[in-house]
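Peer 1: Dropping a structure here in structure tokens format, bear with me for questions.
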């Protein structure tokens, strides 16, 4: 017997797989069903009763999120009975809701707000005082609860139980006194706690980081990828007026489903910290042109002396595939054979078996693939060794982080030319002869490849500070002075060339263009 | 009257007429005297005429023209009963503002009011005095009923009113600086005769 089931929803016939619930089936044909407690990434407890539908042959309305499809089932989602139930359930949900939308942080991306305007829109008929509950309840290091706004959908509890696998939240009391609270002796401090804010259909749970900083409708959203670890969760950068305000997860069934860890969300804070905005020559601020020509001259002297075996490049797992590829291509043209791979050091205590990986670099896979295309890439430890031995005279490094110890960093001072392209100032930038300002991950277009080999697209959301520009542009400028003409109209052209030449990217796609859209047109996210 | 000169130029015709050359017209004196009489009549009526005075001039700034009650003047920010700023930094007014002249940076209060503006600035040079901010405000925190004009200033920075200035403006019109509005409006719809 086949696993496909045929049923009718609102008179329209469709087939879907066995085990799917009616709500998901209805989504296929676009039949509008409202819901609060159901979430595609979580189990269905059917507590909000908002998704009630009529099934022919059943005496009562059934919750569509909890009812699996059955052969020859006939479902009505728009009958008068269903619409009345939907409106009445909404009225019940709103009975004790404070309706303080103008001062609520969720306003503009709130499911309840949207449902009310879609399905109800009438005045409250309750003429007694609303039930009062704690307004600012501290649940943990990142989360604040407004118990009055809570509609008791239990999505947050299920996120803790099923995603973070750490049951820290529970419902206490009953009836109109029921409210969300932490389990006895617990705090909401698991590494996935801010997902509870994302799934909250109202403004009950708010993140302390984002709380009161911005209204949702002022934000623009740009799809991108988290650069916090090798998982590369798909995310959305929410930004306004050239500043990033938060990162939220984006649905991607292959990588992160609907979730993202708290640490990853806070990576946006580093974007503007200790930036390199102007170029420097041996620690002194220099003009951009002179920095480029100094870098080129340093390499030219080696080329003239035919000492290219003393030159090396460092590919970085924190830079995009395109940036690494362009540097590798220039190195090939110049005859440089020493290729090193760098990145942040492993952090074993960061890893878990949910999403987080001990490798804190977004593009280890891609950088290695490009290194292997070049030849035999060496590790950072070998780089430190070569520096200490004095086996190198020139080094061209991509930033940001290169895990070198103090002795090896000190050895950078003795190099004839050390070109370092970095978005951030760090312990290496003081020891290099040429420091070029590069754009950070939120400011570039490009791709990164995660630990599974899935290539995803980074998209520029904010402008880089000062003279900073993408790595590949800096490389092309230095290369032009060396007589290696490399010019690409955009990042896409680099990617297409790379996907033809580097075998590891043969099947990767660059992804569609996604200009920033204002969140008020993107619909509610609850 | 016969023209003394007539010439056709392309599509138009030029005519030159001879004026009637009387003595009165060439002197113009009687008309001048007549006009001066009208002026003098109005002058004496207005200065010494009492009831018959027709003067409408307002002696600004000693005397001011009464503005209509809904005249939109300089903004003011209202206080709460305890003197704190009434605004909850909901950002409805900068959202509604067509001139983008309102800047608010919110902060947490730490008390039951939860949120207030840390910075509240209105650029009175940009403001087009449309009053949409007042209509958008859910808390009756911003009003334009001071009846005052935007102050002249010597540089642009002085035309930007900050939170302190706007809170001071609360006393411009009212003796009582506190807003008397009920938070959330008057619940007329709770009248059970009106709603089922």
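Protein chains in written order, with this note's numbering: chain S, 485 to 1010; chain U, 97 to 292.
We treat Cβ as the ideally placed atom computed from N, Cα and C, and that holds for glycine.
Source: prediction; values computed, not measured.
Counting only beta-carbon atoms, is residue 750/S nearer than 8 Å to chain U?
Peer 2: no
Peer 1: Three Cβ pairs or more, each shorter than 8 Å: is that satisfied between the segment 877 to 884 of chain S and the segment 790 to 800 of chain S?
Peer 2: Three or more Cβ pairs drawn from the segment 877 to 884 of chain S and the segment 790 to 800 of chain S lie within less than 8 Å of each other, which places the two stretches in contact.
Peer 1: With a threshold of 7 Å on Cβ separation, who are the neighbours of residue 629/S within its own chain once the five nearest residues in sequence on each side are excluded?
Peer 2: The answer, listed in chain order, is 621, 623, 664, 688 and 689.
Peer 1: With 8 Å as the C-beta to C-beta threshold (strictly closer), list the residues of the segment 167 to 199 of chain U near chain A in chain order.
Peer 2: Among the protein chains of the structure shown, namely S and U, there is no chain A.
Peer 1: Which residues in chain U sit within 7 Å of residue 730/S, going by Cβ to Cβ distance?
Peer 2: The premise fails here: residue 730/S is roughly 15 Å from chain U at the closest Cβ pair, so nothing lies under 7 Å.
Peer 1: Which whole-angstrom value is the C-beta distance of residue 730/S and residue 694/S, which I expect to be below 8 Å?
Peer 2: 5 Å
Peer 1: Just tell me which of 941/S, 883/S, 869/S and 853/S has its CA closest to the CA of residue 990/S.
Peer 2: 853/S
Peer 1: Listing by chain order, which chain U residues have their CB less than 9 Å from the CB of residue 696/S?
Peer 2: 185, 202, 203, 204, 210 and 211
Peer 1: For residue 279/U, which residues in the same chain have their Cβ closer than 8 Å to its Cβ, ignoring the five residues on either side in sequence?
Peer 2: With a pLDDT of only 46 at residue 279/U, under 50, the local geometry of the prediction cannot be trusted, and no value is derived from it.
Peer 1: Using a Cβ-Cβ cut-off of 6 Å (strictly less than) and excluding sequence neighbours within five positions of residue 840/S, which residues of its own chain qualify?
Peer 2: Within the same chain, 713, 745 and 834 come within 6 Å of residue 840/S by CB-CB distance, once the 5 residues on both sides are set aside.
Peer 1: Restricting to runs no shorter than 4 residues, where is the alpha helix (DSSP H) found entirely within the segment 586 to 624 of chain S?
Peer 2: Segments of the alpha helix (DSSP H) lying fully in the segment 586 to 624 of chain S: 595 to 599.
Peer 1: Could you give the C-beta distance for residue 801/S and residue 825/S, rounded to a whole number, given that I count them as a contact under 8 Å?
Peer 2: 7 Å
Peer 1: How big is the Cα-Cα spacing for residue 545/S and residue 654/S?
Peer 2: Residue 545/S and residue 654/S have their C-alpha atoms spaced approximately 28 Å apart.
Peer 1: For residue 786/S, list the residues DSSP reports as bridge partners.
Peer 2: Bridge partners of residue 786/S: none, in fact.
Peer 1: Closest Cβ-Cβ distance between residue 248/U and chain S: below 8 Å?
Peer 2: Not flagged as an interface residue toward chain S: residue 248/U, since no C-beta distance is shorter than 8 Å.
Peer 1: Which two residues bound the contiguous beta strand (DSSP E) that contains residue 494/S?
Peer 2: Note, residue 494/S: premise wrong, no beta strand (DSSP E); not H, not E.
Peer 1: Which residues does DSSP pair with residue 500/S in a beta bridge?
Peer 2: 489/S
Peer 1: Residue 620/S touches chain U at which residues, Cβ-Cβ below 7 Å?
Peer 2: 210
Peer 1: Just the chain U side, please: which residues come within less than 7 Å of residue 586/S by C-beta, in chain order?
Peer 2: 186, 188 and 234
Peer 1: Does the contact criterion of 3 or more C-beta pairs under 8 Å hold for the segment 519 to 528 of chain S versus the segment 643 to 653 of chain S?
Peer 2: yes
Peer 1: Quick check: what's the CA-CA separation for residue 996/S versus residue 799/S?
Peer 2: 26 Å
Peer 1: Three-state secondary structure (DSSP) at residue 741/S?
Peer 2: strand
Peer 1: Helix, strand or coil for residue 938/S? Go by DSSP, reduced to three states.
Peer 2: coil
Peer 1: I need the DSSP call for residue 796/S, collapsed to helix, strand or coil.
Peer 2: strand
Peer 1: Indicate whether the contact test is met: 3 or more Cβ pairs, each with one atom in the segment 701 to 713 of chain S and one in the segment 735 to 754 of chain S, closer than 8 Å.
Peer 2: yes
Peer 1: Rounding to the nearest angstrom, what Cα-Cα distance links residue 575/S and residue 707/S in this structure?
Peer 2: 36 Å
Peer 1: Could you check where the beta strand (DSSP E) with residue 878/S kicks off and where it finishes?
Peer 2: 878 to 882
Peer 1: Based on the DSSP output, what are the partners of residue 978/S in its beta bridges?
Peer 2: None, per the DSSP bridge assignment.
Peer 1: Express the C-alpha separation of residue 668/S and residue 895/S in angstroms, rounding to a whole number.
Peer 2: Each residue's alpha carbon lies about 55 Å from the other.
Peer 1: Report yes or no: do three or more beta-carbon pairs, one from the segment 928 to 938 of chain S and one from the segment 805 to 813 of chain S, lie closer than 8 Å?
Peer 2: yes
Peer 1: Does the beta-carbon distance from residue 179/U to residue 242/U come in below 8 Å?
Peer 2: no
Peer 1: Since residue 916/S and residue 902/S are thought to touch, with beta carbons under 8 Å apart, how far apart are those beta carbons, to the nearest angstrom?
Peer 2: 4 Å
Peer 1: Would the beta-carbon of residue 766/S fall within 8 Å of that of residue 686/S?
Peer 2: No, the Cβ-Cβ distance between residue 766/S and residue 686/S is not below 8 Å.
Peer 1: Buried or exposed for residue 109/U, going by 16 or more other Cβ atoms inside 10 Å?
Peer 2: exposed
Peer 1: Alpha carbons only, please: which of 222/U, 262/U and 248/U is nearest the one belonging to residue 239/U?
Peer 2: 262/U
Peer 1: Taking the beta carbon of residue 156/U as the centre, do at least 16 other beta carbons fall within 10 Å, making it buried, or is it exposed?
Peer 2: exposed
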